[in-house]
Amino acid sequence: MTTRLLRVPAGASLLPSLRADRPGPAWVHAAGRLAAAELRAADGSAHTLLGELVLVSLEGPLDGPLFALIQVLEPLGARLAAGELVEAVTATALDACLVGEGEAPAAPRAADSAAYVRAPHPSAPSVPPTPALSTLSTLSTLATPAAAPSEPSFARAIEASADRPSSPSPFVGGLGGAGLAQPIPTRPVRPQVAEEETPTPDPGDRVEHFAFGSCEVVKSDGERLHLRLGKNGSIKEIALEMLRVSELPADEGPGRRFKLERRL
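Under my numbering, the first residue of the sequence shown carries the number 10, and numbering increases by one thereafter.
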């Protein structure tokens, strides 16, 4: 078994770079980032992919066909495309592993997508090699007859992509001109309203409770009151936080007078 690691530089044509040294029959494993790619589906139609492309997997015999799974990154998410790789251009340096014949791994499982076709094992009858592609301009002559007439050639698509200005992000300046990049209006600051100081009854003061009637304050800690009920002399403990306290006009009796009402 022989194994070779091959680095394809950024901006290079992928398939000619893999086949440049002609190391003999080999099985290819590769992954990396692409700037453009062209895939052939099971029905023979060709599809050109441009933009941010991630080559998730490239496998098959070196002489072809090579089958690729590519993730296409888009502003609102990502989608997957699979099929026979006709040609590709690397976006960054890409590492490929070439395994010599005799110890080649089994062919990859077929994906559920109809566009993915099982790749033959190297021991299967050989397929006529794909002619080397010297320049991207020759790709238009290799277009499949079944390809849609409106589909641009791979080379033209790359040139159009290079000349086309980058489209703005849909999240900035969208939504009919009222884009998300506009500043958010500041919420007005509410004026601070000073809380009125609630009077607190002291021991010896008298209160008019909404339920107990006239009572005398026996004990007070600022939060709770102990009241002696005027009708039977029993002691009740109440919480001031549940009541609204208001001071009443003084009379001839001892201490101050307060009214205790239920807080709404």
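Glycine included, each C-beta is placed from N, C-alpha and C at the ideal position.
A quick note: this is a predicted structure, and the numbers were derived from the prediction, not measured.
Residue range of the unbroken beta strand (DSSP E) whose run includes residue i
i, result
"Leu43", "Ala35 to Arg49"
"Ser255", "Leu252 to Leu257"
"Ser282", "Here the chain comprises residues numbered 10 to 273, so residue 282 is not present and cannot be evaluated."
"Ala90", "Gly86 to Thr99"
"Gly109", "Leu103 to Gly109"
"Arg272", "Counting along the chain, Arg272 falls outside any beta strand (DSSP E), and DSSP gives it neither H nor E."
"Val216", "Arg215 to His218"
"Arg16", "Thr12 to Val17"
Residue from the options whose Cα sits closest to the Cα of residue i
i, options, result
"Leu48", "Val37, Leu24 and Trp36", "Leu24"
"Val37", "Leu43, Arg28 and Ala44", "Arg28"
"His218", "Thr195, Gln201, Leu257 and Pro18", "Leu257"
"Pro210", "Leu252, Leu82 and Ala100", "Leu252"
"Ser26", "Ala45, Ala259 and Glu96", "Glu96"
"Asp72", "Pro34, Gly53 and Ala55", "Pro34"
"Thr101", "Arg272, Leu94, Val63 and Glu68", "Val63"
"Ala87", "Gly60, Ala259, Asn241 and Ala105", "Gly60"
"Arg272", "Glu261, Pro263 and Ala248", "Ala248"
"His56", "Cys106, Arg42 and Ala90", "Ala90"
"Val65", "Gly92, Val226 and Pro74", "Gly92"
"Leu98", "Ser22, Glu225, Thr195 and Asp214", "Residue identity differs from the one stated: residue 98 is Val in this sequence, not Leu. Measuring from the Cα of Val98, the nearest candidate turns out to be Ser22."
"Ser243", "Val17, Glu225 and Val108", "Glu225"
"Ser223", "Leu67, Pro84, Gly262 and Pro200", "Gly262"
"Ala44", "Ala51, Leu67, Gly53 and Ala19", "Ala19"
"Gly264", "Val227, Val254, Pro200 and Gly213", "Gly213"
"Ala40", "Ala51, Ser54, Cys106 and Asp260", "Cys106"
"Val254", "Leu103, Asp230 and Leu269", "Leu269"
"Arg42", "Arg196, Asp52 and Val17", "Val17"
"Gly69", "Phe221, Val198 and Gly109", "Gly109"
"Asn241", "Phe221, Ser229 and Arg199", "Phe221"
Where the alpha helix (DSSP H) through residue i begins and ends
i, result
"Pro70", "No alpha helix (DSSP H) holds Pro70; the beta strand (DSSP E) holding it covers Ala55 to Pro70."
"Leu249", "Note, Leu249: premise wrong, no alpha helix (DSSP H); not H, not E."
"Leu236", "Leu236 -> not in any alpha helix (DSSP H); beta strand (DSSP E) instead, spanning Arg233 to Leu238."
"Leu75", "No alpha helix (DSSP H) holds Leu75; DSSP gives it neither H nor E."
"Leu280", "The chain is shown from 10 up to 273; residue 280 falls before or after that span and cannot be answered."
Below-8 Å beta-carbon distance, residue i vs any chain B residue
i, result
"Ala87", "The chain labelled as chain B is not found in the depicted structure, where only one protein chain is given."
Nearest-angstrom Cβ-Cβ length linking residue i and residue j, presumed shorter than 8 Å
i, j, result
"Val216", "Leu236", "7 Å"
"Glu232", "Glu250", "7 Å"
"Phe267", "Pro194", "Actually they do not touch by this definition, with Cβ atoms about 47 Å apart."
"Leu67", "Leu75", "6 Å"
"Ala46", "Leu94", "7 Å"
Cβ contact check for the stretch 76-84 and the stretch 10-22: 3 or more pairs under 8 Å
Counting C-beta pairs closer than 8 Å gives fewer than three between the stretch 76-84 and the stretch 10-22, which falls short of the contact rule.
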